[in-house]
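Please read the structure below before turning to the comments.
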Amino acid sequence: MSISSQFINLLASILLLLAFAMLSQRRIKSLIRLFMVQGMTLVVSTIVIAVTTNQSHLYSSALLTFALKVVILPLILYRLIKRLNVEWDVETLLNIPSTMLVGIAIVIVSFNLALPISHLAGTITRSTIGIAMACVLLSLLMMITRSKAISQVIGFLSMENSLFFAATSTTYGMPMVVELGVALDVLVGVLILGVFFFQIREKFESLDLKHLEKAEGE
Amino acid sequence: MMEILAVLGLPLMGGVLLALWGHRSRAPELNVLVSLGTFAASILLAVKILLTGPMIALDEQFFVDSFNVFLVVLTAFVSFTTAMFSRPYMRNERILSSLSNYQIRLYHSMYQVFCFTMLLALTTNNLGILWVAMEGATLATVLLVSLYRTRESLEAAWKYFILCGVGIAQALFGTILIYFAAEKVLGAGGTALLWTHLNAAKGFLEPTVLSIAFVFLLIGYGTKVGLVPLHSWLPDAHAEGPTPVSAVLSGLLLNVALYAVVRCKILVEGALHNRFADDLMMGFGLLSVLTAAFLLWRQKDIKRLFGYSSIEHMGLITFSFGIGANFAGLLHMTVHSLTKSAIFFAVGHAVQRSGTKTMDSIRGLIQSPAIGWGLMLGALAILGMPPFGVFTSEFLILTHAMQSHPWTTPVLLLALGVAFAAIFGKVQSMVWGESTGENLPHPPASLPILLHLSLVLLLGLYIPPHLAKWYHEAARLIG
Amino acid sequence: MNAFGIFTQLLQLLLTVLLAPLLLGWVNQCRAWLQNRKGAGIEQPYRKLRKLFYKDAVIANNASPLFRMVPYILFGSMCLAAAIVPSLATDLSFSAAADAIALVGIFALARIFISLAAMDIGTAFGGMGARREMLVGFLAEPALLMVLFTASLISHSTSLTETVETLAHRHFEIYPSMAFAAIAFLMVLLAENARIPVDNPASHLELTMIHEAMILEYSARHLALIEWASSIKLFAYVSIGIALFVPWGIAQASDWLGIAFALPILIAKLLAGGFGLALIETVMAKQRIFRAPEFMGTAFLFGVLGMLVHFLLGA
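Protein chains in written order, with the working numbering: chain D, 269 to 486; chain B, 56 to 534; chain F, 4 to 318.
This is the structure:
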């Protein structure tokens, strides 16, 4: 294995570690910080892949990631929690050790699913798809187990990060049009949600989504 | 080429214009006008496709064949009639629910943006753009669903956003997997996500990757189709948004999401050469039909009732594509979206008249013939009574199921029977009886209801040979 | 068994036993510095041992012979553990006798005896301490095993010396699985040596203490042996960490010059490791005892993840 692919593997493992860290984190502020670190890891991995494979469009996509996920989105989120005055997310719907155990099960399942795929890959980073899949599902788990609206959104964004990592590491990135489109969707989504938070708090006097469950639902 | 630009450009332009002037008194007319223009452009596009065959345009980024052009026309038509319906409806709403100028502007603008994203999803050749457009459609409708800013509408919008956001993220993963498989065959770069290229090379794509990809895609886009068990956003979103939005959600968005699934299914089937994708669609479809039919009984809210009915019918269509009854599936797509939007038009006015969505409190809708008869006939049509078109398509699906998978027929018949009893009983008591409502400030829009129901009736009695040929052509493309 | 093996084995054992209190002193000194205190100096543990050895032992009336034997058992097993871990050279004559799993077993043996001794007198604190110790131990052991297995998977051997040979002298590679293992190991180290997030070595507060609660009844030479044994345990753990995660510099078989280099390198690593430990203890807060299972569960999780990542990435 070449040194750069080892490095990508290391970054992939760091992403997995961050996914677990997010899962176990109780404070929203630290959650945002972890999200920033995740974004930075993505930028580094994109640049490493760009250097190794000489794919120039990956540089622009690294720049895009940096701007969006390390600067703009954390900034928006920070301002949101400051203005909404929510820094803690004490209540998780499932206690943290059990969440971790479920997380391990998820990792095993996704590694198993990805094994046949990773044998087929010709890219330098063939094994990362399993990790990316695990990260996607772990973020999903985080969204399920959190009750605060902001933590759910961070879970959503970290899922998007993992998907982005899957795209860059297994296929050297999607075409630029698609990437721009995805970035636009994410940005607009977060802005809409930001407005939403204020409306939710205005109507429910809390950002805790457990209050949302009283309406009849199947 | 020009036609595609017109089809996509008009609603986008409309969205921008209405974002500026959407609160003016003539804005609803502008909304109708833009939709009419889009509809006209889509007709031109369809004529061109019928005369010259499939076309690829704009650096291969757009692809139109008889399968999607039929959906383009349907989408443009229903969004045009819904715009007609929303003209009196929103005027009434403005008085009844005291919407602000800002909300009205948001509504009109997002309505056009929503149409744009759906048309983009239908015409694009790029699976990545398809995803982006579907996500864009989610964002636009989230704003529409939360328009009233009540607790319930916020909850519904939040649920909708989170569930569909999660679902659609899975679809992105599926898209990445397809790209990953295609890249080895087609080489890196833009062409590996273009559907036409993928379709040409589908026999060489790696089957394992594609089967995993299809699972993710089906979960992802299936969430938007409203397949059980990923359906829980659908009734809420239908119930809490403005009724024109419920009409386009049921009539169009679900179709577009299903279109995405079918497009991916064509690829996966070509690579796998087995019934994996078919069986998955069949299973999810059957489960949705059955679950939704039984859940219909428990509904008290009229808009939720028809939301569940949409889940049932989308399940039926998914099932029919799964068993290979493509002709029947396409026909059912058409008649369902026409009928269901007509029903929602009637329901919207009924709710405005009675001031409540609770079915127990709605009585005597027949006082206003357009609403009462519209709801009654629409309900009969959606329940599959002859001579409406839904009967034809359901009959075709059932006979096809009887031939290929006989064991599914009793299940389907049971579900349809249960649904019939549930909806018919509830609708009947709402239409007849002592009226509780008062007359609306603006007269209800009867033309769209009439138009839709007569089209459905026409399709039930006689399918013009041109149309039949068109359906057959599209069914053949699906494989 | 060659002469070089016996020599390195003896040298390493001697060094470990003698240097262990120094490491403890260094950690405590660093903590004092980080907390803006002057500190007692790094030779303080030696002074304490000497003081304890000069004193007369007081033993409870109802103590059984086990109570007297335990300090010696403890000291002996820690010496054995320290002899197995390759800190100076990989050519150890003992290493053939015990592999990584046996090492965990030796630690478990020591834990069982000290818990028995704690319960022997029948005081409330002894029983409580033993219970807590077993709770932490039963969670820490599998985590430690996972860490060692991850390393063994890379070297295809459970023998510690061979693992270190493979890791230190092979062509350089990045092992992401070892990153997970390192985090897990660090957490196990903190828990097993009664360091801060789990236990506080400097406190005798009954609500929180674990290790100290078990040895409350000991005095004089017995206490001295136990304290010495725990410092050897810390030394052994830090050595395992060094051997697994920064093995460069450990001498190979029959390499006399290597030993001469290995010693200063080892001391430098120990100094750095001790400082790191002090830093962690300064910035972290003591957790409630009920959080300990969560803490150890996380360590286990990281160990398992390391193994899984190894299987997926093959590295």
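Beta carbons are placed, not taken as given, at the ideal position from N, Cα and C, and that holds for glycine. A quick note: this is a predicted structure, and the numbers were derived from the prediction, not measured.
Leu532(B) is bridged by DSSP to nothing; it lacks a bridge partner. In its chain, beyond the 5 residues on either side, no residue has a beta carbon closer than 6 Å to the beta carbon of Gly79(F).
From the listed residues Val482(B), Leu468(B), Trp428(B), the smallest Cα separation to Lys358(B) is found for Val482(B). The bridge partners DSSP lists for Asp356(B) are Thr413(B). For the pair of segments examined, the region 419-432 of chain D was found not to touch the region 162-172 of chain B: the number of CB pairs separated by less than 8 Å stays below three. Our two residues, Leu260(F) and Gly252(F), have alpha carbons roughly 11 Å apart in a direct line.
The beta carbon of Phe97(F) is closer than 7 Å to those of Gln12, Ala86, Ile87 in its chain, skipping five residues each way along the sequence. Here His368(B) has His391 as same chain residues with Cβ atoms under 6 Å from its own Cβ, once five neighbours each way along the sequence are excluded. In the three-state scheme derived from DSSP, where H, G and I count as helix and E and B as strand, Ile98(B) is classed as helix. By the criterion of at least three beta-carbon pairs nearer than 8 Å, the region 435-445 of chain D is in contact with the region 310-323 of chain D. Here the C-alpha atom of Leu393(B) lies approximately 28 Å from the C-alpha atom of Glu493(B). CA-CA distance, Ala60(F) to Ala120(F), rounds to 16 Å. Positions of the alpha helix (DSSP H) runs, each at least 4 residues long and wholly inside the region 395-436 of chain D, are given as 396-413 in order along the chain. Three or more pairs of CB atoms, one per stretch, sit closer than 8 Å, so the region 331-339 of chain B contacts the region 371-386 of chain B.
Relative to Leu381(D), the option among Met368(D), Val370(D), Ser281(D), Gly398(D) whose CA is nearest is Gly398(D). Using a CB distance below 7 Å, the part of the region 433-444 of chain D facing chain B consists of Ala434, Ala435, Thr438, Thr439, Tyr440, Met442, Pro443, ordered along the chain.
Spatial neighbours of Ala268(B) in its own chain (CB-CB distance under 6 Å, excluding positions within 5 residues in sequence) are listed in chain order as Gly229, Leu232, Ile233. Remark: three or more beta-carbon pairs, one from each stretch, lie closer than 8 Å, so the region 89-99 of chain B and the region 123-136 of chain B are flagged as touching.
Val73(F) and Ile292(F) have their alpha carbons spaced roughly 26 Å apart. The C-alpha of Met139(B) lies about 21 Å from the C-alpha of Leu420(B).
Within 8 Å of the CB of Ile177(F), the CB atoms of chain D belong to Ile271, Gln274, Phe275, Asn277, Leu278, in sequence order along the chain. In this structure Ala226(B) is not in contact with Ala237(B), their Cβ atoms being roughly 16 Å apart against a cut-off of 8 Å. Distance from the CA of Ile422(D) to the CA of Ala184(F), rounded to the nearest whole angstrom, comes to 27 Å. Under the three-state reduction of DSSP output, Ala184(F) falls in the helix class. Sequence-distant Cβ neighbours of Ala254(F) in its own chain, meaning closer than 6 Å and more than five residues away, are Ala92, Gly261, Ile262, Ala265.
Per DSSP, reduced to three states, the secondary structure at Asn64(F) is coil, with no helix or strand assignment.
Sequence-ordered contacts of the region 405-431 of chain D with chain B read Leu408, Met411, Ala417, Gln420, Phe424, Met427, Glu428, Leu431 [C-beta pairs closer than 8 Å]. Excluding its 5 nearest sequence neighbours in each direction, Gly125(F) has no C-beta neighbour in its own chain below 6 Å.
Per DSSP, Ala100(F) lies in no alpha helix (DSSP H) segment and is marked neither H nor E.
Proximity of chain B to Val446(D) at the Cβ level (cut-off 8 Å) is accounted for by Asn181, Gly183, Ile184, Trp186, Val187, Leu248, in chain order.
Chain-order list of chain D residues neighbouring Gly191(B): Gly449, Leu452, Asp453, Val456, by C-beta distance under 9 Å. In terms of CA proximity to Ile115(F), Phe70(F) leads the group Phe152(F), Phe70(F), Lys41(F), Ala99(F). Cα atoms of Ser415(D) and Leu286(D): separation of roughly 20 Å, rounded to the nearest angstrom. Within chain D, no C-beta atom comes nearer than 9 Å to that of Thr153(F); the closest sits roughly 12 Å away. Residue pairing by DSSP places Leu113(B) opposite no residue, since no beta bridge is assigned to it. Contiguous alpha helix (DSSP H) elements confined to the region 323-368 of chain B occur at 331-350, taking only those with 4 or more residues.
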